[in-house]
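Asker:
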Amino acid sequence: MAAGRPRVLLIRPDHLGDLILWLPAVKALRAALPGARLTALVGPWAEPVLRLTPWVDDIITFELPYFARRPKTDPTEPYRVLVKLARRLRARGFDLALNFRPDFWWGALLAAAAGIPERVGFDVRRVSPFLTRTVAFQPDEHQVVVNLRLVDEGLGLGLRRPFSPELYPLVWPDHPELAAAAEAWVGEHAPGRPRVAMLVEAGAPVKRWRDEAWVRLAGVLRQEFGAAIIVPAGPGREGAVAPLAAAVGVKPAALPVGVLAEVFRRCDLVVGLDSGPLHLAAAVGTPTVGLYGPVSPERFGPWGPAGKHRVVLSDYPCAPCNRLDYRPEELPAHLCLRLLPLEPVLGVVRAVLL
Numbered sequence: 025m026a027a028g029r030p031r032v033l034l035i036r037p038d039h040l041g042d043l044i045l046w047l048p049a050v051k052a053l054r055a056a057l058p059g060a061r062l063t064a065l066v067g068p069w070a071e072p073v074l075r076l077t078p079w080v081d082d083i084i085t086f087e088l089p090y091f092a093r094r095p096k097t098d099p100t101e102p103y104r105v106l107v108k109l110a111r112r113l114r115a116r117g118f119d120l121a122l123n124f125r126p127d128f129w130w131g132a133l134l135a136a137a138a139g140i141p142e143r144v145g146f147d148v149r150r151v152s153p154f155l156t157r158t159v160a161f162q163p164d165e166h167q168v169v170v171n172l173r174l175v176d177e178g179l180g181l182g183l184r185r186p187f188s189p190e191l192y193p194l195v196w197p198d199h200p201e202l203a204a205a206a207e208a209w210v211g212e213h214a215p216g217r218p219r220v221a222m223l224v225e226a227g228a229p230v231k232r233w234r235d236e237a238w239v240r241l242a243g244v245l246r247q248e249f250g251a252a253i254i255v256p257a258g259p260g261r262e263g264a265v266a267p268l269a270a271a272v273g274v275k276p277a278a279l280p281v282g283v284l285a286e287v288f289r290r291c292d293l294v295v296g297l298d299s300g301p302l303h304l305a306a307a308v309g310t311p312t313v314g315l316y317g318p319v320s321p322e323r324f325g326p327w328g329p330a331g332k333h334r335v336v337l338s339d340y341p342c343a344p345c346n347r348l349d350y351r352p353e354e355l356p357a358h359l360c361l362r363l364l365p366l367e368p369v370l371g372v373v374r375a376v377l378l
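Okay, so the sequence shown: first residue is 25 according to my numbering, each after it adds one.
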């Protein structure tokens, strides 16, 4: 690594959940290299999250291929935009690049094309040819550990072990102005206690639960606990969430991510699908109940004390398969989460709230 103030590029193409699970590693890297200039390369969907954190110096946003969540129409597009972005990065004169996602060959190739002399990532077949230094990938590790191990072993930082929630908790800074906005919002829309947020959306259709199960869950929460229910909606998703929110008897909570974090901080429980907001709730210290089917909670579950963050896992024979890319016509054959019964979810929720 260059002497003086090295310029370090952090390549992270993902959305909210993976970003939250990445932040402990970014914070540890910042503490270990206080003189480095850290620049995050992320999609525009991630910029609002990073703007609320203090650990990177610069943010470069680019609609990174394969993560834009829009139809892919031109197979040459990833290569054309790589050339364009590589020129832009070359002009910045980075000394080191960290490619955090194990399968993101495009990011490793981009760093090489940009002429970044030191390129660190995982020893994965399609990725390692473009790197100068690799770290063994352990596919069964939790993502927080995966990220921490890359910065530690890839740069020889000698971070304190073990990589546990106690030593490396999820982190989310306090923002007094956003806290005030959240206080006003819950005062108007969810003044009662206990206050429960239900996360009914996920980034992949195969991770969704049945609408009628959500409606029944809300009914039990109100009847047994007098709960105030909140149903968040992601950016531009109010229309998609509105019918289910109406069936629950509320309006969708379409809130910026910073205000949503503070609303979660004022909740007694967040129960929801494997999604970015579930990890955001864990990061602000609110108890969570996560519903998991196709994705392994050992790898992607909430990071924190087991007694505070609980998981209800589908007992479908093939779960978890760790696949999210099913085509619409394939979804009827992949029912692990849709068939998750209400009763085990109610049992865990009751245990948290009683």
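The beta carbon of each residue, even a glycine, is placed where N, CA and C say it ideally should be.
As the structure is a prediction and not an experimental result, all values here were calculated from the model.
Express the C-alpha separation of Ala137 and Val148 in angstroms, rounding to a whole number.
Answerer: Start at 1 with the first residue of the sequence shown, and residue 148 comes out as number 124. Start at 1 with the first residue of the sequence shown, and residue 137 comes out as number 113. In this structure, the straight-line span from the alpha carbon of Val148 to that of Ala137 is close to 19 Å.
Asker: Less than 9 Å between the C-beta atoms of Ala251 and Ala269, yes or no?
Answerer: To locate residue 251, count along the sequence shown from 1; it is residue 227. To locate residue 269, count along the sequence shown from 1; it is residue 245. Contact: no.
Asker: Can you tell me which of Pro215, Glu286, Arg184, Gly314 puts its alpha carbon nearest to the alpha carbon of Ala206?
Answerer: Your numbering for residue 206 matches position 182 in the sequence shown. Selected option, being the one with the closest Cα: Glu286.
Asker: Pairing CB atoms from the stretch 350 to 367 with CB atoms from the stretch 274 to 291, are three or more of them under 8 Å?
Answerer: no
Asker: Run through the stretch 138 to 207 for me and flag every whole beta strand (DSSP E) of 3 or more residues, listed as ranges in chain order.
Answerer: As far as the stretch 138 to 207 is concerned, its whole beta strand (DSSP E) runs of at least 3 residues are 142 to 146, 157 to 159.
Asker: Considering Val281, what are the terminal residues of the alpha helix (DSSP H) in which it resides?
Answerer: Residue 281 sits at position 257 when you count from the first residue of the sequence shown. From DSSP, the alpha helix (DSSP H) with Val281 extends over 281 to 289.
Asker: Apart from the five residues on each side of it in sequence, which residues of its chain come closer than 7 Å, Cβ to Cβ, to Phe249?
Answerer: Stepping through the sequence shown from its first residue, residue 249 is reached at position 225. Excluding positions up to five away in sequence, the list reads Pro218, Leu377.
Asker: Are the Cβ atoms of Ala307 and Ala221 separated by less than 9 Å?
Answerer: Residue 307 sits at position 283 when you count from the first residue of the sequence shown. Residue 221 sits at position 197 when you count from the first residue of the sequence shown. Their beta carbons are not under 9 Å apart, which means Ala307 does not touch Ala221 by this criterion.
Asker: Decide if Ala135 is buried, meaning its Cβ has at least 16 other Cβ atoms within 10 Å, or exposed.
Answerer: Against the sequence shown, residue 135 aligns to sequence position 111. When all chains shown are included, Ala135 counts as buried.
Asker: Which residues in the same chain as Leu122 place their Cβ atom closer than 6 Å to its Cβ, once the five residues preceding and following it in sequence are excluded?
Answerer: Indexing the sequence shown from 1 puts residue 122 at position 98. Cβ-Cβ distances below 6 Å link Leu122 to Leu34, Val144 in the same chain, with the five nearest sequence neighbours on each side left out; the list follows chain order.
Asker: By the three-class DSSP mapping on this structure, what secondary structure does Tyr103 have?
Answerer: Counted from its first residue, the sequence shown places residue 103 at position 79. In the structure shown, Tyr103 sits in a helix (DSSP, three-state: H, G or I).
Asker: Taking contact to mean at least 3 C-beta pairs separated by less than 8 Å, is the stretch 281 to 295 in contact with the stretch 111 to 129?
Answerer: no
Asker: Is any beta-carbon of chain E found at less than 9 Å from that of Trp233?
Answerer: As a matter of chain content, chain E is missing from the structure shown, which is built from one protein chain.
Asker: Rank Gly28, Thr158, Val244 by C-alpha distance to the C-alpha of Gly59 and give the top, closest one.
Answerer: The residue labelled residue 59 in the question sits at position 35 within the sequence shown. Closest by alpha carbon: Gly28.
Asker: As an exercise, report each continuous alpha helix (DSSP H) stretch of at least 4 residues that is fully enclosed by the stretch 212 to 255, in chain order.
Answerer: 235 to 249
Asker: If we count the other Cβ atoms within 10 Å of its Cβ and call it buried at 16 or more, is Cys291 buried or exposed?
Answerer: Locating residue 291 in the sequence shown gives position 267, counting from the first residue. The residue is buried, with at least 16 neighbouring Cβ atoms inside 10 Å.
Asker: Taking one C-beta from the stretch 188 to 202 and one from the stretch 230 to 239 each time, how about it: are there three or more such pairs within less than 8 Å?
Answerer: no
Asker: With a threshold of 16 other CB atoms inside 10 Å of the CB of Asp164, please say whether the residue is buried or exposed.
Answerer: As a working mapping, residue 164 is identified with position 140 in the sequence shown. Answer is exposed; the Cβ neighbour count stays below 16.
Asker: On a CA-only basis, which of Val369, Ala343, Cys342 is nearest Arg334? Give me that one, please.
Answerer: For the purposes of this step, residue 334 is taken as residue 310 along the sequence shown, with counting starting at 1. Comparing Cα-Cα distances from Arg334 to each of Val369, Ala343, Cys342, the minimum goes to Val369.
Asker: Out of Leu76, His166, Leu366, state which residue places its alpha-carbon closest to the alpha-carbon of Pro193.
Answerer: Translated into positions along the sequence shown, residue 193 becomes position 169. Among Leu76, His166, Leu366, the Cα nearest to that of Pro193 is on His166.
Asker: Enumerate in chain order the residues of its own chain whose CB-to-CB distance from Ala110 is below 7 Å, with the five nearest sequence positions on each side excluded.
Answerer: As a working note, residue 110 is residue 86 in the sequence shown. Result list for Ala110: Leu134, Ala137, Ala138, in chain order.
Asker: Kindly indicate the opening and closing residues of the beta strand (DSSP E) around His333.
Answerer: Here residue 333 refers to the residue found at position 309 when the sequence shown is read from its first residue. Taken as a continuous stretch (DSSP letters only), the beta strand (DSSP E) holding His333 covers 333 to 337.
Asker: What does a CB cutoff of less than 6 Å around Val169 pick up in its chain, not counting 5 residues either side in sequence?
Answerer: Reading the sequence shown from its first residue, position 145 is the one you call residue 169. So the qualifying residues of the chain are Phe187.
Asker: Check whether the Cβ atoms of Cys345 and Pro318 sit closer than 9 Å, and answer yes or no.
Answerer: By 1-based counting over the sequence shown, the position of residue 345 is 321. By 1-based counting over the sequence shown, the position of residue 318 is 294. Yes. Within cutoff.
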